[in-house]
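Participant:
Residue numbers (our numbering): 864 to 1114.
1) To test your reading of the DSSP string, which unbroken alpha helix (DSSP H) runs of 4 or more residues are found completely within the stretch 871–946?
2) Look at the Cβ atom of residue 1039, then the Cβ atom of residue 939, and state whether they are nearer than 8 angstroms.
3) With three or more beta-carbon pairs closer than 8 angstroms as the criterion, would you say the stretch 1046–1066 touches the stretch 894–914?
4) How far does the alpha helix (DSSP H) with residue 1054 in it extend, from its first residue to its last?
5) Specify, as a first and last residue, the run of the alpha helix (DSSP H) that residue 1089 falls within.
6) Is the Cβ-Cβ distance between residue 1070 and residue 951 less than 8 angstroms?
7) What are the complete beta strand (DSSP E) segments, minimum 3 residues, inside the stretch 956–1025?
8) Buried or exposed: residue 1051, going by 16 or more other Cβ atoms within 10 Å of its Cβ?
9) Could you give the C-beta distance for residue 886 and residue 1104, rounded to a whole number, given that I count them as a contact under 8 angstroms?
10) Please report the Cβ distance between residue 1033 and residue 966, rounded to the nearest whole angstrom; I am assuming they are in contact, meaning their Cβ atoms lie under 8 angstroms.
11) Taking the alpha-carbon positions, what's the residue 949 to residue 996 distance?
12) Per DSSP, what kind of secondary structure is residue 1099 in: helix, strand or coil?
13) Among 1112, 878 and 1043, whose alpha-carbon lies nearest the alpha-carbon of residue 924?
14) Does the contact criterion of 3 or more C-beta pairs under 8 angstroms hold for the stretch 878–896 versus the stretch 1074–1085?
15) Looking only at its chain, what residues have a beta carbon closer than 8 angstroms to the beta carbon of residue 1099, apart from the 5 residues adjacent to it on each side?
16) I'd like the list of long-range same chain contacts for residue 884, defined as Cβ closer than 6 angstroms, with 5 residues on each side in sequence excluded.
17) Using only the alpha-carbon positions, how far apart do residue 1035 and residue 1093 sit?
18) Excluding five sequence neighbours on each side, which residues of the same chain lie with their C-beta closer than 8 angstroms to the C-beta of residue 1056?
19) Residues in the same chain with beta-carbon distance under 8 angstroms from residue 935, minus the five sequence neighbours each way, listed in chain order, please.
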């Protein structure tokens, strides 16, 4: 297979996923948990049937390591989802997540005692400046958010809380990456198995936020009807966009 094909598929999948996600969170800023839940269920299906053969195949990496990965992953995803309810725009959210290099470098120095070239430190400084500029620009866009209340002081405080959650999730994500790196160095890489267990094991955790997920589903049911002309079926548009968003995440 020509390298351009998988690269193009990844690019198309990522871009379409972000488009559908942004359309959903603009109208339903608290829908992140429901969107994540559907993605986890969808990504479990292949692993359940093929990778683990209905959990009958022993895992190459001990389950306790996956449980720790899942704890990191679940907390990071939940924090990321909740930020949309704190006046955080999609562009700012994406820019912060793209700044993972900063957290990786800091934790690499603190935890792994790594030494980096001066150019890497300079790169991190430049990225930090870029994120700071985008953050300042985003502060003037709060009134366009669905969660905007009209009270400038209150909205600003909510926005700051959202930034704190983003920073926290960024460093937790970097710590998770270090733990994964150490685990794979010890047991080897098993991507299909890791994909399954990292999505299967967190499913019971969604019971903690089941009321939020069900509330979002009820809101989706009230969205305007949208007709899929190629199969002549009419459904609430939010469910259709959720389906597209979920399918576009398939690895």
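Positions of the beta carbon are idealized from the N, C-alpha and C atoms, including for glycine.
Please read these numbers as outputs of a predicted model, since none were measured by experiment.
Facilitator: Based on what the coordinates show:
1) 895–909 and 926–946
2) yes
3) yes
4) 1054–1063
5) Note, residue 1089: premise wrong, no alpha helix (DSSP H); beta strand (DSSP E) at 1088–1091.
6) no
7) none
8) exposed
9) 6 angstroms
10) 5 angstroms
11) 19 angstroms
12) strand
13) 1043
14) yes
15) 1083, 1084, 1085, 1086, 1087, 1088 and 1089
16) 1108
17) 44 angstroms
18) 910, 914, 915, 922, 923 and 924
19) 1035, 1036, 1038, 1039 and 1042
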